[in-house]
Amino acid sequence: MSQIKACLFDLDGVLVDTARYHFIAWRELAEELGFVFTEQDNERLKGVSRAASLNILLEIGGLTFDEAEKARLAEQKNNRYVEYISRMDSSEILPGALEFLQECRAAGIKTALGSASKNAATILNNTGLTPYFDAIIDGTHTSAAKPDPEVFLLGAQAVGAEPAHCIVFEDAEAGIEAATRARMRSVGIGSPDTLGAANLVVPSLAQVSVAGLREAFAAV
Ligand code: BG6
Ligand code: MG
471 MSQIKACLFD LDGVLVDTAR YHFIAWRELA EELGFVFTEQ DNERLKGVSR
521 AASLNILLEI GGLTFDEAEK ARLAEQKNNR YVEYISRMDS SEILPGALEF
571 LQECRAAGIK TALGSASKNA ATILNNTGLT PYFDAIIDGT HTSAAKPDPE
621 VFLLGAQAVG AEPAHCIVFE DAEAGIEAAT RARMRSVGIG SPDTLGAANL
671 VVPSLAQVSV AGLREAFAAV
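Letter by letter, the sequence shown follows residues 471 to 690 of the working numbering.
In structure tokens form, the structure reads like this:
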């Protein structure tokens with residue numbers, strides 16, 4: 471059996487429910503630009519960097535802008551998003567997340583964040599999650615976005631674990647692909663319809679335990 475030495479967590483949609491704030495902020499921008507942005511459209515933005523998300527949004531609206539204007543629009547969206555997350559507290563931690571982080575640490579398993587977000591530090595601080603991580607790798611530390619494996623490889627390195635001994639927790643397809651490319655095992659948080667490429671899929675971290683993982687990955 472391959473050991474579990476580190477658990478690497480995506481943030482948005484795995485530990486906290488920030489996906490709805492991203493959605494509201496993008497929808498407001500779309501409204502100002504004169505088109506409708508639906509919750510279904512928003513699925514395409516999950517796990518995707520801010521700049522790439524804006525490109526997808528503009529494609530949906532059938533609009534093109536130069537780089538300077540795109541930078542201004544991305545900043546406008548982010549200012550709104552930051553307003554929302556500034557009011558977050560521990561009540562917005564997703565079910566099972568805190569308990570599982572605590573369980574990992576009690577079992578001597580290292581914990582690392584692997585997020586595309588440049589707002590990760592604010593979210594972790596406002597929800598009180600910062601002390602539960604041995605390493606925090608976010609959008610301010612990486613040069614390539616998921617599905618590139620960089621964010622998870624940096625996380626593994628920061629906690630001194632081999633990729634084969636790491637498990638990634640992700641709610642986005644691009645994140646599962648990043649884990650696979652990093653040669654790590656993965657647990658999809660959400661629906662098997664979108665996360666079928668993960669080694670295991672569960673509805674939330676409330677269904678995950680260290681013992682359960684050891685059993686599920688005994689042969690992997
Ligand atoms: C990811 C989210 O975690 O972070 C994406 O799933 C988001 O929706 C990306 O675009 C970048 O986040 P931020 O906070 O830097 O705009
Ligand atoms: Mg996510």
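Beta carbons are placed, not taken as given, at the ideal position from N, Cα and C, and that holds for glycine.
Exercise for the section: Let me know the secondary structure DSSP gives MET471 once reduced to three states. Expected result: At MET471 the pLDDT is 46, less than 50, meaning the model places this residue with poor confidence; the figure from the coordinates comes in the next sentence. MET471: coil per DSSP, three-state reduction.
Problem - Helix, strand or coil at THR600 [DSSP, three-state] - result: In the structure shown, THR600 sits in a helix (DSSP, three-state: H, G or I).
Practice task
Spell out the partners DSSP gives ALA644 in its beta bridges.
Solution key: Answer by DSSP bridge pairing: none, since ALA644 is not bridged.
Practice task
May I ask you to check if the CB of HIS611 is nearer than 8 angstroms to at least one heavy atom of ligand 1?
Solution key: no
Exercise for the section: Go through its chain and collect everything with a Cβ distance to PRO565's Cβ below 8 angstroms, but skip five positions before and after it. Expected result: SER674, LEU675, ALA676
Problem - Close beta carbons around SER560, own chain, < 7 angstroms, minus the five adjacent residues each side - result: If the five residues before and after SER560 are omitted, its C-beta is found closer than 7 angstroms to the C-beta atoms of THR597, GLY598, all from its own chain and listed in chain order.
Exercise for the section: Can you grab the Cα-Cα spacing for the pair ILE474 / ILE494, in whole Å? Expected result: 37 angstroms
Exercise for the section: With hydrogens ignored, establish whether the beta-carbon of GLY483 is closer than 8 angstroms to any heavy atom of ligand 1. Expected result: yes
Exercise for the section: Kindly indicate which three-state DSSP category GLY584 falls into: helix, strand or coil? Expected result: strand
Practice task
Taking 8 angstroms as the threshold, find out whether the stretch 514-523 comes into contact with the stretch 605-620 through three or more Cβ pairs.
Solution key: yes
Exercise for the section: For TYR507, name the three-state secondary structure that DSSP assigns. Expected result: Note on identity: in this sequence residue 507 is Phe, with Tyr being the wrong assignment. Note: PHE507 maps to coil in three-state DSSP.
Exercise for the section: Name, in chain order, the residues that DSSP records as bridge partners for PHE479. Expected result: LEU583, PHE639
Exercise for the section: Below 6 angstroms CB to CB, which residues in the same chain sit around ALA667 once its five sequence neighbours on both sides are set aside? Expected result: ILE646
Practice task
Determine the contact status of SER472 and PHE687, defining contact as a CB-CB distance below 9 angstroms.
Solution key: A contact, by the Cβ cut-off of 9 angstroms.
Practice task
Give the DSSP-derived three-state secondary structure of SER656 in the structure shown.
Solution key: When secondary structure is reduced to three states using DSSP, SER656 falls in the strand class.
Exercise for the section: Apply the 10 Å Cβ neighbour rule to ASP480 and answer buried if 16 or more other Cβ atoms are within range, or exposed otherwise. Expected result: So ASP480 counts as buried.
Practice task
Confirm the yes/no value for this check: CB of LYS516, any heavy atom of ligand 2, distance under 8 angstroms.
Solution key: Yes.
Problem - Spatial distance of ASN669 from THR650 (CA atoms) - result: 9 angstroms
Practice task
Determine, using beta carbons only, whether PHE570 and LEU478 come nearer to each other than 9 angstroms.
Solution key: Contact flag unset, no.
Handout entry: Proximity winner among LEU485, GLU632, SER661, ALA538, relative to MET654 (alpha-carbon distances)
Key = GLU632
Practice task
Would you kindly check if the distance between the Cβ of ALA582 and the Cβ of ILE563 is under 9 angstroms?
Solution key: no
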